[in-house]
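Those protein sequence lines, which keep their order, are chains A and B.
Position in the first sequence (first residue = 1) + 296 = the numbering used here.
Position in the second sequence (first residue = 1) + 2 = the numbering used here.
Notes for the one structure printed next.
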Amino acid sequence: MGMTITEKILAAHAGVPEVHPGQLISARLDLALGNDVTAPLAIAELERLGVRKLWDPEKIVLIPDHFTPNKDIKSAEQCRVLRRFAKAFGLPHYYEVGRTGIEHAFLPEEGLVVPGDAVIGADSHTCTYGALGAFATGVGSTDLAAAMITGETWFKVPETVQIRFYGNLRRWVGGKDLILYVIGKIGVDGALYKAMEFGGPLISRLPMEDRLTLANMTVEAGAKCGIIAPDAVTEEYVRGRAKRPYRLYQSDPDARFQEVYEFRGEDIEPQVAFPHLPQNVRPISEVGFVPIDQVVIGSCTNGRISDLRIAAEILRGHKVAPFVRLIVIPATQRVYQQALKEGLLEVFVEAEGIVSAPTCGPCLGGHMGVLAEGERAVSTTNRNFVGRMGHPRSEVYLASPAVAAASAVLGRIGSPEELKK
Amino acid sequence: MIFRGTALVFGDDIDTDAIIPARYLNTIDPFELAAHCMEDLDPNFVKRVKKGDIMVAGKNFGCGSSREHAPLALKGAGISCVVAVSFARIFYRNALNTGLPIIESPEAASCIQDGNLIEVDLAAGKVRNLSTGVTFDSIPFPQFMQELIAAGGLLPYVMKKING
């Protein structure tokens with residue numbers, strides 16, 4: 297019986313020739329990640345246990361990104377926990393504000409994660425790295441703490457569901473719309489405990505940044521990981537970035553998929569997820585009149601350079617609607633610098649939006665754009681749960697950078713097609 | 003391990019932002035976290051919950067972020083056990099790793115009413131509704147997992163093993 301990519305990577309890291317769904321394995325890890333919210337809990341546990349020696353300092357990554365630049369005294373202290381720990385244990389992969397960015401944009405960009413890796417991160421969106429053909433999944437602080445000591449963790453080998461896309465994408469449709477469309481079809485627990493493997497001719501042509509967006513939100517369908525077969529697009533992306541040798545895995549022709557879904561690009565309009573679950577998806581043509589107070593363009597889902605290029609293309613020559621705030625957050629320092637060079641930041645400022653330092657910030661209601669009671673935001677982020685961006689009676693509508701930028705100008709949720717040049 | 007408490011019933015897809023809103027994640031103190039547990043869904047939750055109460059929920063409980071602050075907040079608020087139709091996978095791991103007992107039982111979770119007196123027998127995998135007299139069976143955890151939960155989570159369990 298053939299194996300899927302996920303099964304092959306897990307077998308390789310468990311040191312066995314093959315694994316099958318449902319099997320419990322102990323896997324050797326290539327990288328373990330924590331941030332300013334989750335790592336302090338792990339570090340507190342390690343300190344309580346009196347741990348003096350860590351696994352491999354080269355393979356531990358600590359990123360202060362959620363409530364940074366420090367939003368208050370408590371957040372500053374959380375970040376200081378990371379910084380002190382990194383200094384004490386000589387961890388080379390602690391990245392300070394000003395050199396870093398949102399973890400799931402930063403790690404692939406820096407080549408810290410490579411195809412074929414097995415990675416855990418104490419952050420649910422760790423599944424993003426599946427876009428590179430790596431097995432990557434979110435865990436909690438305790439699993440992170442244990443991995444920082446042993447370099448291993450246990451997994452139950454997941455069933456894999458395959459999602460194939462055919463045909464071509466319509467104008468203004470990208471990775472975000474594809475994943476929202478899928479979540480709309482299968483629901484927020486449609487892939488619970490499973491691996492979501494994306495394939496088909498449309499995916500082979502999909503640029504890497506769209507693939508990262510696609511894999512990023514697989515956790516919103518309950519998945520353990522998202523994965524895309526590495527190909528020429530992957531190799532072009534990792535060339536010159538990869539900090540380690542990598543390995544490209546493909547699913548066997550006779551690999552077993554628990555289920556196969558097939559979708560056509562032509563059927564997919566820009567998508568909008570209504571409050572308060574990512575599965576409440578509607579095509580842009582069926583959104584109706586939804587006035588807004590704020591637009592956020594950024595996050596580990598859609599804060600990369602291609603996202604900012606699309607937003608700038610739409611915003612150029614326009615102004616943000618009266619009484620609407622536009623907040624643009626380049627995901628990393630490099631994205632920020634590139635956007636600066638290309639004049640994109642000037643477009644945002646000319647449009648009367650603001651540009652923030654890289655941070656998760658408003659995505660989880662931290663800072664840099666928290667909503668008041670009754671306010672509504674269109675956001676390129678990944679979750680629209682109750683209270684996610686602020687007041688429990690505020691609302692978040694998830695969409696692509698294209699829809700978000702157009703909505704900022706229109707003052708209501710709308711399509712770029714509605715803007716007159 | 004046997005837990006007895008009043009059922010507090012919630013619906014499907016209770017996410018970790020509902021269990022502990024992200025705006026309070028600037029601390030890891032379980033008592034501070036517990037003070038805000040479930041507040042966006044039920045502002046009176048912390049006042050309503052008594053030590054030992056059992057949370058009962060629908061499918062996909064704990065979906066969303068990987069924050070371990072969620073099971074810590076539930077434990078801190080006094081919840082002794084969570085019974086649900088299904089759990090989101092990171093929450094499932096985090097609950098066991100932090101020593102919060104959980105039971106997947108679609109039958110129990112769909113039949114229990116808010117306020118029912120519930121008894122959970124973790125070793126036997128049984129959920130008894132003492133108010134109605136109905137018992138629900140689920141697959142009991144293996145011995146090591148019961149020991150892990152009893153020890154208070156993965157790390158205390160590991161340390162106990164190491165130190166004998």
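Glycine included, each C-beta is placed from N, C-alpha and C at the ideal position.
Bear in mind the structure is a predicted one, so any value in this text is a computation, not a measurement.
- For S88 (chain B), the nearest beta carbon of chain A is closer than 9 Å to its own beta carbon.
- Contact note: P688 (chain A) reaches chain B through D42, using a C-beta cutoff of 7 Å and chain order.
- According to the DSSP assignment, R380 (chain A) belongs to the alpha helix (DSSP H) that extends over I369 to A384.
- By the CB criterion at 9 Å, A704 (chain A) and V620 (chain A) fall inside the cutoff.
- For F93 (chain B), the enclosing alpha helix (DSSP H) starts and ends at R91 to N99.
- Under the Cβ criterion of 9 Å, M147 (chain B) is not counted among the residues facing chain A.
- G613 (chain A) counts as exposed, since fewer than 16 other beta carbons sit within 10 angstroms of its beta carbon.
- Beta-bridge annotation (DSSP): Q458 (chain A) is paired with A:E493 and A:V556.
- Inclusion of P103 (chain B) and M3 (chain B) in the CB contact set at 9 Å is warranted, their separation being smaller than that value.
- Distance from the CA of L706 (chain A) to the CA of N131 (chain B), rounded to the nearest whole angstrom, comes to 54 Å.
- One alpha carbon belongs to G386 (chain A), the other to E609 (chain A), and they sit about 44 Å apart.
- In the structure shown, the three-state DSSP call for S675 (chain A) is strand.
- Classified as exposed, Q145 (chain B) has fewer than 16 neighbouring CB atoms from the shown chains inside 10 Å of its CB.
- Contacts between A308 (chain A) and chain B, judged by CB atoms closer than 7 Å, are missing: the closest CB pair is about 22 Å apart.
- The beta carbon of N46 (chain B) sits no closer than 9 Å to any beta carbon of chain A.
- The C-beta of P566 (chain A) has 16 or more other C-beta atoms within 10 Å across all chains shown, which makes the residue buried.
- Along the stretch 568-601 of chain A, going in chain order, the ones with a CB nearer than 8 Å to a CB of chain B are L573.
- Residue burial is scored here from C-beta neighbours: F63 (chain B) has at least 16 other C-beta atoms within 10 angstroms and is therefore classed as buried.
- Under the Cβ criterion of 9 Å, C65 (chain B) is counted among the residues facing chain A.
- Under the 9 Å criterion on CB atoms, A24 (chain B) is classed as interfacial with respect to chain A.
- Taken atom to atom, the span from the alpha-carbon of T509 (chain A) to that of A627 (chain A) is near 12 Å.
- DSSP places K128 (chain B) in the uninterrupted beta strand (DSSP E) bounded by K128 to N131.
- Chain-order list of chain A residues neighbouring N96 (chain B): V435, G436, S437, T438 and D439, by C-beta distance under 9 Å.
- Among the residues of the stretch 672-699 of chain A, those with a Cβ less than 7 Å away from any Cβ of chain B are R679, F681, V682, G683, R684 and P688, in the order of the chain.
- Under DSSP, no beta-bridge partner is assigned to R684 (chain A).
- Cβ contact annotation for A698 (chain A) (same chain, cutoff 7 Å, sequence separation greater than five): W468, P566, I606, I610 and P712, in chain order.
- Contact between the stretch 586-598 of chain A and the stretch 337-353 of chain A is not established, with fewer than three Cβ pairs separated by less than 8 Å.
- Here R324 (chain A) is exposed. Its C-beta has fewer than 16 other C-beta atoms within 10 Å.
- L98 (chain B) sits close to L156 (chain B), with the two beta carbons spaced by under 9 Å.
- Chain A has a Cβ within less than 9 Å of the Cβ of V160 (chain B).
- If you keep only unbroken alpha helix (DSSP H) runs of at least 4 residues inside the stretch 549-615 of chain A, you get 595-598 and 601-611.
- When the Cα atoms are used, A125 (chain B) and P142 (chain B) turn out to be separated by approximately 6 Å.
- A direct Cα-to-Cα measurement between F138 (chain B) and G657 (chain A) gives close to 44 Å.
- Three or more beta-carbon pairs separated by less than 8 Å link the stretch 543-556 of chain A to the stretch 303-322 of chain A, which places the two stretches in contact.
- In the DSSP assignment, V645 (chain A) falls within the unbroken alpha helix (DSSP H) covering L640 to E646.
- Listed by position along chain B, the residues whose Cβ is nearer than 9 Å to that of G662 (chain A) are A24, R25, L27 and N28.
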